[in-house]
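Chemist: Before anything else, here's the structure in question.
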Amino acid sequence: GHSNFVRGVLFSLDGSKIVSYSNDDTIRIWDILSGKQLQLLRGHSNEVNCVQFLSDNSKFVSCSKDKTIQIWDISSGRQIQLLQGHSNNVYRVKISPDGSKIVSCSFDKTIRVWDVSSGNQILLLEGHTDFVRSASFSPDGTKIISCSDDKTIRIWNTSSRDQILLLKGHQKSVRDAQFFPDSTKI
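Okay, here's the thing in structure tokens:
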């Protein structure tokens, strides 16, 4: 197993596998029925912070303190894409509702949106004044919500790239926020 703190585990969308990620810089893929390790992935050079499955269940995305985002093939364990652009720890990644985009947030105070097919960065959102801890798409895909150590929640329009709402009032860091299923409330 892992040689350091396990940051998290995630079930594959079909429930047949578990992916674990760790401060030992590795990702491991496990078979649910047998409990056996299927793959050991060593693409990151620092702690792995988050893993998310893409909607087709054949690939997943990881992000790391090494400032990168990586897309992996679950069957072969091969890295398919290396996404670079952040200048600090990439803390979280989330997938758009249609599965075509990845949103990432970082301790570089930015949010970036990436095209899954090409691996290209297609959007850069700036405005937070401290580490960004969470970013995710609205269920309809038209907005992104982000939270930060700057004690704010921000909502962004994915088409215009504009910040459309700034919510202040928290006394401490905001770690997460999500849209309701109808995309009208958080």
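Under the UniProt record's numbering, the first residue of the sequence shown is numbered 1, with each subsequent residue one higher. Quick reminder that beta carbons are idealized off the backbone N, C-alpha and C, glycines included. As the structure is a computational prediction, the values presented were derived from the model and not from experiment.
Is Arg133 closer than 8 Å to Leu123 when the C-beta atoms are compared?
Modeler: No, Cβ-Cβ distance for Leu123 and Arg133 is not below 8 Å.
Chemist: Helix or strand or just coil, what does DSSP make of Gln39?
Modeler: Of the three classes helix, strand and coil, the one that applies to Gln39 here is strand, per DSSP.
Chemist: Restricting to Cα atoms, I'd like to know which of Asp150, Asp115, Ser138 is closest to Ser106.
Modeler: For Ser106, the nearest C-alpha among the options comes from Asp150.
Chemist: Give the range of the beta strand (DSSP E) segment to which Ser151 is assigned.
Modeler: The sequence given here has Lys at residue 151, not Ser. Run containing Lys151: none; DSSP gives neither H nor E here.
Chemist: For Leu10 versus Arg28, is the C-beta distance shorter than 8 Å?
Modeler: Not closer than 8 Å, so no.
Chemist: Quick one: what's got a C-beta closer than 8 Å to Thr158's C-beta in the same chain, skipping five residues either side?
Modeler: Cβ within range, chain order: Val113, Leu123, Phe137, Gly141, Thr142, Lys143, Ile144.
Chemist: Around the C-beta of Arg154, are 16 or more other C-beta atoms found within 10 angstroms, so that it is buried, or is it exposed?
Modeler: So Arg154 ends up on the buried side.
Chemist: Which class does Ser106 belong to by DSSP, given the choice of helix, strand or coil?
Modeler: Note: Ser106 maps to strand in three-state DSSP.
Chemist: Ignoring anything shorter than 4 residues, give me the alpha helix (DSSP H) runs that lie fully in the UniProt repeat "WD" (41-82), in order along the chain.
Modeler: As far as the UniProt repeat "WD" (41-82) is concerned, it has no whole alpha helix (DSSP H) run of at least 4 residues.
Chemist: Out of Ser146, Trp156, Pro139, Gln171, which has the shortest C-alpha to C-alpha gap to Phe180?
Modeler: The option with the nearest alpha carbon to Phe180 is Pro139.
Chemist: Do you know how far the Cα of Lys109 is from the Cα of Ala135?
Modeler: Distance between the alpha carbons of Ala135 and Lys109: 11 Å.
Chemist: Starting from the C-beta of His2, find all residues in its chain whose C-beta is less than 6 Å away, skip the five residues before and the five after it, and write them out in chain order.
Modeler: Taken in chain order, the residues that qualify are Ser22, Asp24.
Chemist: Per DSSP, what kind of secondary structure is Ala177 in: helix, strand or coil?
Modeler: Correct three-state label for Ala177: coil.
Chemist: Per DSSP, what kind of secondary structure is Ser183 in: helix, strand or coil?
Modeler: Correct three-state label for Ser183: coil.
Chemist: Are Val93 and Cys63 closer than 8 Å when you measure CB to CB?
Modeler: Result yes, Cβ atoms of Val93 and Cys63 sit closer than 8 Å.
Chemist: Among Asp98, Ile71, Asp66, which residue has its Cα nearest to the Cα of Val90?
Modeler: When each option's Cα is compared against that of Val90, the closest is Asp66.
Chemist: So does the stretch 44-53 actually touch the stretch 76-88, counting three or more Cβ pairs closer than 8 Å?
Modeler: Too few Cβ pairs lie closer than 8 Å, so no.
Chemist: What are the boundary residues of the beta strand (DSSP E) that Val93 is part of?
Modeler: Note, Val93: beta strand (DSSP E), 90-95.
Chemist: Going by alpha carbons, who is nearest to Ser34 out of Asn46, Lys17, His44?
Modeler: Nearest option by C-alpha distance: Lys17.
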